[in-house]
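Below: one structure, written as structure tokens.
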Amino acid sequence: MTAVLRRLQSQIGYAIEKKIGQTLPQWGYSHFLAKQSAGYFEPLVRHHSVLNFEYSVFCTKLANDILAIEHNSTPNLTNEALVERIATALILSELLAHLYRYYLTVPREVARLEAEQAIFRNWLKKGYFRFSQPQTESATPGFFAQKVREKTAEINWVRLFAIRTRRVITTAILIPTVRDLKYFYQFVTYLDQFARPTIAYFSWLFYIPRLTVNLLLLLKHCIPGYWMNNEEKKLSLLTRLQAQLQRRWFELGNDSVWLVGSLFNCFVFTGTLAPIGMYLAVALALFDALWVGLRAYIELSRLKELEHYYRKKEAEFNANEHPQEELDELKEYRQQLQQYIDFEWQRLLLNVTSVICLFFAMCLAIPLITNPVITFIGAALVIAITIIIYLNVQVLEKQRPVNPIMKLAAPQYTELLKNRGFFKMEDTLASPNQTSQSDLRLEDSLSLTILNLTC
Numbered sequence: 084m085t086a087v088l089r090r091l092q093s094q095i096g097y098a099i100e101k102k103i104g105q106t107l108p109q110w111g112y113s114h115f116l117a118k119q120s121a122g123y124f125e126p127l128v129r130h131h132s133v134l135n136f137e138y139s140v141f142c143t144k145l146a147n148d149i150l151a152i153e154h155n156s157t158p159n160l161t162n163e164a165l166v167e168r169i170a171t172a173l174i175l176s177e178l179l180a181h182l183y184r185y186y187l188t189v190p191r192e193v194a195r196l197e198a199e200q201a202i203f204r205n206w207l208k209k210g211y212f213r214f215s216q217p218q219t220e221s222a223t224p225g226f227f228a229q230k231v232r233e234k235t236a237e238i239n240w241v242r243l244f245a246i247r248t249r250r251v252i253t254t255a256i257l258i259p260t261v262r263d264l265k266y267f268y269q270f271v272t273y274l275d276q277f278a279r280p281t282i283a284y285f286s287w288l289f290y291i292p293r294l295t296v297n298l299l300l301l302l303k304h305c306i307p308g309y310w311m312n313n314e315e316k317k318l319s320l321l322t323r324l325q326a327q328l329q330r331r332w333f334e335l336g337n338d339s340v341w342l343v344g345s346l347f348n349c350f351v352f353t354g355t356l357a358p359i360g361m362y363l364a365v366a367l368a369l370f371d372a373l374w375v376g377l378r379a380y381i382e383l384s385r386l387k388e389l390e391h392y393y394r395k396k397e398a399e400f401n402a403n404e405h406p407q408e409e410l411d412e413l414k415e416y417r418q419q420l421q422q423y424i425d426f427e428w429q430r431l432l433l434n435v436t437s438v439i440c441l442f443f444a445m446c447l448a449i450p451l452i453t454n455p456v457i458t459f460i461g462a463a464l465v466i467a468i469t470i471i472i473y474l475n476v477q478v479l480e481k482q483r484p485v486n487p488i489m490k491l492a493a494p495q496y497t498e499l500l501k502n503r504g505f506f507k508m509e510d511t512l513a514s515p516n517q518t519s520q521s522d523l524r525l526e527d528s529l530s531l532t533i534l535n536l537t538c
């Protein structure tokens, strides 16, 4: 049994059937899921984010193992171990697809998982399992909410650079030496008549789309109605709320506070009250530091719990002289998991460090400090830190671990595995009537799924 399946066995409660004699076992996990009550899915829905994270780590390890075979003429991976890992990936994929289809309603994730399932089934049908025709319709991906998030993240950099560049220029002209440059001072003052209200309005309008989408989706999954699946209605309100807040709590809190603060700065703290707006901006920067720190603590605690479990399990295996093959699989999985955890550490540490630096830099720009040079230095530090953060984020994104499982949809990898001695079984294990039609359906399904994802 793989390390991931062993950890989740008490929750999943399903064992992979083994081949007996010449008869191929029927793959039955999807039917097993269909028979389960809401009580079975409640803990899985509450911890779906961890489950999805582990699935990504496991698939990355599986894909890297198969890709490594291409460059290794004598792979250490045995046929039995490979089949067990592919079956584990299929179980996790079907479980996640079931959760995303019926309880979380994320068609985009369902479509992705179904495409990956087609790859796993295409391998496992080659002499290991029989698969029945899927009873559920393929999900049509919905990308609106995801597009809103992506565009918000992209536009946020434009917003930050616009606000902070303006502040550098407007504080620079307060320095007596710069103020003496008459034409430059008049030019900046004239432009700021248009830039200030434009940026002020954009600052609060920016938060509305993502906040609206998250609020509507939160209400959609908490208030029963015709829009809710019957399966989701059977979950408790607390479970539905917890599942949605796991996905949206950070954005909801961040956007709500910044929307209110930006509205005050736009409509209330103007004219003679404008200096108060700067104090509010510093307070919002402090909120950012605390909020990002809280997210880092929650996410890293979750990852450390996972890492601790597998480290403890490895120590148990060593103490009890567990089979070497299972111990090796556990160690390899731990190494892949550690790569993901290291990346998350870097990403969250960058976020926390950047917002703390921004907070202290903004403190130099408060009206209490009357020296315009110090105010300008504070504004310049803010824009400099923003540029450094942006560049580091771009570099870090290139280091993000990628799940390359879809690359293995290419027929060449199936042929590669066959040529290296994998998927070579004894004489045919099922009658032609049992396999030929289902094989054709699976091949067609795989081709259509890959075609839809690439169009």
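Under our numbering, the first residue of the sequence shown carries the number 84, and numbering increases by one thereafter. Just so it is clear, CB atoms sit at the ideal spot from N, CA and C, and this is done for glycine as well.
E199 and P292 have their C-alpha atoms some 32 angstroms from each other. In the structure shown, R483 falls within a coil segment according to DSSP collapsed to helix, strand and coil.
In the three-state reduction of the DSSP assignment, I468 falls in the helix class. Considering only R430, L320 and E415, the residue with the shortest C-alpha distance to K481 is R430.
DSSP, reduced to helix, strand and coil, places Q109 within a strand of the structure shown. Counting along the chain, no alpha helix (DSSP H) covers E100, and no H or E run does either. Per DSSP, the continuous alpha helix (DSSP H) segment holding K387 begins and ends at A357 to A402. The distance from the Cβ of E192 to that of Y186 is about 12 angstroms, inconsistent with a contact at the 8 angstroms cut-off. For P494, the enclosing alpha helix (DSSP H) has its first and last residue at P494 to N502.
Looking at the DSSP output, R213 shares a beta bridge with Q109. In the DSSP assignment, M445 falls within the alpha helix (DSSP H) that extends over Q407 to C446. Under the criterion of beta carbons closer than 8 angstroms, C349 and A283 qualify as touching, at roughly 4 angstroms. Straight through space, the alpha carbons of W310 and L301 are spaced by roughly 13 angstroms. For E167, the enclosing alpha helix (DSSP H) starts and ends at N162 to Y185. The C-alpha of R378 is placed about 44 angstroms away from the C-alpha of Y211. Residues of the same chain with a CB within less than 7 angstroms of the CB of L386, apart from the 5 flanking positions on each side, are I424 and E427 in chain order. Judged by beta-carbon spacing, A448 lies beyond the 8 angstroms limit of I468, meaning their Cβ atoms are not closer than that value. In the structure shown, P450 falls within a coil segment according to DSSP collapsed to helix, strand and coil.
Selection A364, R417 and F333 evaluated against G376 yields F333 as nearest (Cα-Cα). Exclusion of the five residues before and after R249 leaves A278 and I282 as the residues of its chain whose Cβ lies within less than 7 angstroms of its Cβ. In the three-state reduction of the DSSP assignment, S132 falls in the helix class. The alpha-carbon separation between V140 and Q419 amounts to approximately 6 angstroms. C-alpha of V87 to C-alpha of E137: approximately 8 angstroms in a straight line. If you compare the alpha carbons of G308, P484 and L328 with that of Q422, the shortest gap goes to P484. Non-local C-beta neighbours of F370 in its own chain, meaning closer than 7 angstroms and more than five positions away in sequence, comprise V340, ordered along the chain. The shortest C-alpha to C-alpha distance from C142 to any of T171, E399 and S120 is the one to T171. In the structure shown, the three-state DSSP call for T260 is helix.
The residues Y183, in chain order, have a CB closer than 6 angstroms to that of V189 in the same chain once the five nearest residues on each side in sequence are set aside. The segment 314 to 330 and the segment 245 to 259 do not touch, with fewer than 3 CB-CB distances between them shorter than 8 angstroms. Cβ contact annotation for L335 (same chain, cutoff 6 angstroms, sequence separation greater than five): N297, in chain order.
Pairing R195 with L116, the inter-Cα distance amounts to about 19 angstroms. Taking a contact to require three or more Cβ pairs closer than 8 angstroms, the segment 249 to 265 and the segment 449 to 459 qualify as touching.
Rounded to whole angstroms, the gap between the alpha carbons of Q276 and V365 is 23 angstroms. By the beta-carbon neighbour count (other beta carbons within 10 angstroms, threshold 16), G344 is buried. Counting every other CB atom within 10 Å of its CB across the protein chains shown gives W206 a total of 16 or more, marking it as buried. Listed in chain order, the non-local C-beta contacts of I488 below 6 angstroms within the same chain comprise C142, A146 and E199, local neighbours out to five positions each way being set aside.
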